[in-house]
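Student: The structure under discussion is supplied below as structure tokens; questions concerning it will follow.
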Amino acid sequence: MTTVQNISEQHAALTALRTYLVTVAEAVGVGSEAHTVDQDSPVSAYLALDSRLTSHPDRDLALLWDEESGWSAAVENRAEGDLITVSYLGGSTVVPPAQRVARFVQELSGLPVRSCSARPRLRAASTEEALRQLMTRHRR
1 MTTVQNISEQ
11 HAALTALRTY
21 LVTVAEAVGV
31 GSEAHTVDQD
41 SPVSAYLALD
51 SRLTSHPDRD
61 LALLWDEESG
71 WSAAVENRAE
81 GDLITVSYLG
91 GSTVVPPAQR
101 VARFVQELSG
111 LPVRSCSARP
121 RLRAASTEEA
131 LRQLMTRHRR
């Protein structure tokens, strides 16, 4: 019975996260298909953007999210195939309103970004139920 409950909690948390990601995708002007979720702990997500930074005009820009640090912006490192974080949104929550995330992207788009600010730790990775509750609260 515990296994079924854990699966149910995980499903509810991921459903709530995907709903949040679709809301953010709409706010930043990309389609809902532009995101992926990694279910390992800490849970994280990737959201491809249609814009580039003036400081990295030849690299694709993406938003990254994880349940400990919230949102960050990253550019693709084509040579190595990984991502280079250029800035963190920070704040007081890992699930800020979608419009705040959109402003973060707009702020980055007009500024030369050289390096990332320090990675915030806004909360510790926890249970699926705690993540679901956190995601549910963002809609209120």
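Residue numbers (the numbering used here): 1 to 140. For every residue, glycine included, the Cβ atom is placed at its ideal position computed from N, Cα and C. In this text the structure is predicted, and so the values were computed from the model without any measurement.
Spatial neighbours of A16 within its chain, please: C-beta separation below 7 Å, excluding the five flanking residues on both sides.
Tutor: The answer, listed in chain order, is R132, M135 and T136.
Student: Throw me the rounded Cβ distance for the S117 and S92 pair, which I believe falls under 8 Å.
Tutor: That belief does not hold up - the Cβ atoms of S117 and S92 are roughly 16 Å apart, past 8 Å.
Student: Cα separation between H56 and L49?
Tutor: In a straight line, the C-alpha of H56 is about 14 Å away from that of L49.
Student: Quick one: Cα of S69 to Cα of G90, how far?
Tutor: When rounded, the distance between both Cα atoms is 7 Å.
Student: Going by C-alpha distance, which of R100, S109 and R18 is nearest A45?
Tutor: It is R18 whose Cα lies nearest to the Cα of A45.
Student: In this structure, does DSSP put A25 in helix, strand or coil?
Tutor: Note: A25 maps to helix in three-state DSSP.
Student: I need the DSSP call for L64, collapsed to helix, strand or coil.
Tutor: Correct three-state label for L64: strand.
Student: Is it the case that the Cβ atoms of V22 and V101 are separated by a distance below 8 Å?
Tutor: Against a cut-off of 8 Å, the Cβ pair of V101 and V22 comes out as no contact.
Student: Hey, how far is the Cα of R140 from the Cα of T54?
Tutor: Because R140 carries a pLDDT of 49, less than 50, the predicted location of this residue cannot be relied on, and the following value inherits that uncertainty. About 35 Å.
Student: Going by DSSP in three states, T93 sits in which element: helix, strand or coil?
Tutor: The answer is coil: DSSP assigns T93 none of H, G, I, E or B.
Student: My understanding is that L61 touches V75, with C-beta atoms under 8 Å, so please give their C-beta distance in whole angstroms.
Tutor: Contact holds; Cβ gap of about 6 Å.
Student: Shortest alpha-carbon distance to V28 belongs to which of R119, A130, F104 and A124?
Tutor: The shortest Cα separation from V28 among R119, A130, F104 and A124 belongs to F104.
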